[in-house]
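Line order of the protein sequences matches chains B and W. Under the working numbering, the first sequence is numbered contiguously, ending at residue 559. Under the working numbering, the second sequence is numbered contiguously, ending at residue 559. In this text, a Cβ means the ideal position worked out from N, Cα and C, and glycines have one as well. Being a predicted model, the structure only gives us computed values, none of them experimental.
2 protein chains.
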Amino acid sequence: MSTIRGARERARTEITAAIKDEARAQLAAEGAAKLSLRAVARELGMASSALYRYFPSRDDLLTALIVDAYDAVGAAAEAALAAAPPAADHCARWTAACSAVRAWALDHPHQYALIYGSPVPGYTAPKDTVAPASRVALALVSVIRDAHRTNGLALPPLSLGVRPEADRMAADIAPDLPPAVVTAMVAAWSQLFGTISFELFGHFNNVVADRDAFFEHTATRLAHEVGLRPQAAGASAGSSAGS
Amino acid sequence: MSTIRGARERARTEITAAIKDEARAQLAAEGAAKLSLRAVARELGMASSALYRYFPSRDDLLTALIVDAYDAVGAAAEAALAAAPPAADHCARWTAACSAVRAWALDHPHQYALIYGSPVPGYTAPKDTVAPASRVALALVSVIRDAHRTNGLALPPLSLGVRPEADRMAADIAPDLPPAVVTAMVAAWSQLFGTISFELFGHFNNVVADRDAFFEHTATRLAHEVGLRPQAAGASAGSSAGS
DNA sequence: ACAATAACGAGAGCATTGCTCTTGCTTGGA
DNA sequence: TCCAAGCAAGAGCAATGCTCTCGTTATTGT
């Protein structure tokens with residue numbers, strides 16, 4: 317409200333950012349388990365107790381990093397979609413978003429583990445996390461919505477058992493999409509991260525060698541599962557999109 | 317190999333088991349991050365230093381728990397398959413194995429997080445873990461192999477990009493199965509755990525309400541993905557298998 | 001302009017942790 | 001019987017998260 321906003325306030329945001337940066341560096345270097353408030357303070361040249369003016373506890377620092385990480389993956393997915401216009405091949409847009417998420421995960425494995433691995437601390441997800449956490453899912457939904465608007469998506473009917481839950485999810489998430497599509501999309505969403513997590517957490521060691529090819533294939537199959545078909549006809553007739 | 321093998325040796329295995337039990341209890345109560353050697357020793361009425369005679373470090377204790385957890389999920393999956401003979405509906409056997417894994421995960425969330433969440437400590441997976449870690453995957457392979465032997469599994473041809481990797485995986489994992497099936501099976505394997513992890517780690521909060529129905533549906537679709545089709549004909553004509 | 005208030009940084013301190021080292025005791029085999 | 005190996009306990013070290021207190025500094029209200 318005041319004019320200059322005070323040197324103090326600016327210093328606060330700067331120091332807060334510096335703390336988070338240093339914490340991220342330690343996270344990337346050693347993992348979440350080894351992230352130490354004292355080491356962060358030491359590296360920043362301040363007393364460890366001073367840090368508590370900015371983050372009331374270690375878990376709060378972690379939570380801040382979690383929110384930032386969710387935002388970063390979400391932004392990566394959205395950027396991939398922004399690079400391919402909604403008019404383009406919907407199947408390719410889907411796989412592009414998936415690949416963007418995977419690329420971010422490979423670039424920031426510890427941040428990825430922070431948000432998609434085991435809940436770290438006493439783990440209570442505060443309200444601040446739910447909005448950033450939804451960004452990837454919303455990006456995927458937007459691809460499907462575009463595809464549904466232009467082509468219309470048709471999926472085989474759901475079995476009786478899921479139908480009530482499918483209707484509920486559709487009404488809750490995307491009332492403009494068929495329940496079968498929404499259900500398939502939620503499944504594909506979780507399965508996408510299952511594949512990325514397995515690769516990142518080492519479960520593919522001695523199993524999958526060419527991870528790029530395998531992921532490309534998996535993402536494409538997930539696209540099929542949600543009703544997206546490659547625009548086979550049209551201009552470019554190249555069989556496989558990538559490399 | 318000798319006769320009595322000494323009371324000492326027996327005491328050692330007993331104490332080792334007691335330590336692991338207490339550690340498991342703490343794991344279930346507080347999570348892997350809070351598992352403390354000193355607390356385990358305290359609870360067992362022994363000095364903390366005495367614990368190091370049995371496990372050279374905290375990470376070694378964790379590793380022992382990891383091995384046990386892998387064995388437990390693997391055993392759960394195998395038991396589910398043993399309950400349904402190989403002659404039965406292959407699709408139902410697949411979903412039964414999947415559901416068994418999920419049930420174990422819901423019953424032992426922290427042990428599940430230990431093995432399928434973020435790698436916890438300095439995380440180096442020793443050789444001892446790889447065999448137990450494969451049990452679930454091998455159980456799933458056995459279902460597919462049985463199905464392939466009796467019915468033969470046919471899947472649409474793979475795109476050019478994955479074909480080399482698919483051949484490599486098939487030769488490495490199950491040379492008697494078509495590469496397309498093996499590839500789909502690896503994907504389904506990781507996706508299964510993606511769905512379970514999302515449910516367990518809270519990513520389905522405010523998204524999926526009827527988790528049982530959703531999982532049943534997802535597992536069935538995964539079965540279709542690997543080429544398993546429900547034995548629709550025969551006796552019972554009910555549309556959906558489960559209740 | 002001045003004083004009250006709030007934010008701030010630093011240091012000391014507490015409880016706890018993983019781990020090591022040394023010191024005795026107990027057991028198993030010669 | 002006696003010795004070596006296994007064992008348990010205690011003290012101790014470095015490090016952690018967190019709290020409290022005490023001066024200092026900036027902001028704000030009058």
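Neighbours of Ala525 of chain W in chain B, taken as residues at a C-beta separation under 7 Å, are given in chain order as Glu481, Arg484. Separation of Ala429 of chain B and Ile382 of chain B (C-alpha to C-alpha, rounded to the nearest whole angstrom) is 10 Å. Taking a contact as a CB-CB distance under 8 Å, the pair Met501 of chain W and Leu456 of chain W counts as one, their CB atoms being some 6 Å apart. With respect to chain B, the C-beta atom of Val452 of chain W has no partner C-beta closer than 8 Å. Residue-level contact by beta carbon holds for Pro435 of chain B and chain W, with a gap shorter than 8 Å. Of the candidates B:Ala392, B:Leu343, B:Leu397, B:Leu343 places its Cα closest to the Cα of Ala380 of chain B. Not flagged as an interface residue toward chain B: Phe371 of chain W, since no C-beta distance is shorter than 8 Å.
The beta carbon of Glu359 of chain W sits closer than 6 Å to those of Glu338, all from its chain and outside the five residues before and after it, given in chain order.
In this model, Ala388 of chain W and Ser434 of chain B are separated by some 19 Å (Cα to Cα).
Under the three-state reduction of DSSP output, Tyr368 of chain B falls in the coil class, being neither helix nor strand.
Secondary structure within the segment 442 to 482 of chain B: the alpha helix (DSSP H) runs of 4 or more consecutive residues, fully enclosed, are 443 to 449, 451 to 466 (chain order).
The beta-carbon of Gly477 of chain W is placed less than 8 Å from the nearest beta-carbon of chain B. Not a single CB atom of chain W sits nearer than 8 Å to the CB of Ser415 of chain B. If you check each beta-carbon in the segment 488 to 512 of chain B against every beta-carbon of chain W, the ones closer than 9 Å belong to Asp488, Ile489, Thr499, Ala500, Val502, Ala503, Ala504, Trp505, Ser506, Gln507, Leu508, Phe509, Gly510, Thr511, Ile512. The CB of Ala429 of chain B comes closer than 9 Å to the CB of Gly433, Ser434, Pro435 in chain W, given here in chain order.
Note on Val446 of chain W: under 16 other CB atoms within 10 angstroms of its CB, so exposed under the neighbour-count rule.
Arg418 of chain B and Arg461 of chain W have their alpha carbons spaced roughly 31 Å apart. In this structure, Trp410 of chain B lies away from Leu493 of chain B, with their beta-carbon atoms at least 8 Å apart.
Take Ala496 of chain W, set aside five residues on each side of it, and the residues of its chain with a beta-carbon closer than 6 Å to its own are Leu471, Leu474, in chain order. In the three-state reduction of the DSSP assignment, Met501 of chain B falls in the helix class. Straight-line spacing of the CA atoms in Arg465 of chain B and Gly477 of chain B works out to 28 Å. For Asp384 of chain W and Glu515 of chain W, the gap between their C-alpha atoms comes out near 23 Å.
Under the 8 Å criterion on CB atoms, Arg340 of chain B is classed as non-interfacial with respect to chain W.
For Thr534 of chain B, the chain W residues whose C-beta falls within less than 7 Å of its own C-beta are Ala503, listed in chain order.
Nearest to Asp488 of chain W by C-alpha distance, out of B:Val524, B:Ser415, B:Ala399, B:Asp405, is B:Val524.
Apart from the 5 residues on each side of it in sequence, Val498 of chain W sits with its Cβ closer than 6 Å to the Cβ of Met485, Ala486, Ile489, Ala490 in its chain, given in chain order.
If you draw a straight line from the Cα of His540 of chain B to the Cα of Tyr368 of chain W, it is about 53 Å long.
Ala349 of chain W has a beta carbon lying within less than 8 Å of a beta carbon in chain B. The segment 385 to 413 of chain W contains no complete alpha helix (DSSP H) run of 4 or more residues. If you draw a straight line from the Cα of Cys414 of chain B to the Cα of Ala393 of chain B, it is about 7 Å long.
Annotation for Pro425 of chain W: the continuous alpha helix (DSSP H) segment containing it runs 425 to 432. Lys336 of chain B: member of the alpha helix (DSSP H) spanning 323 to 346, first to last residue.
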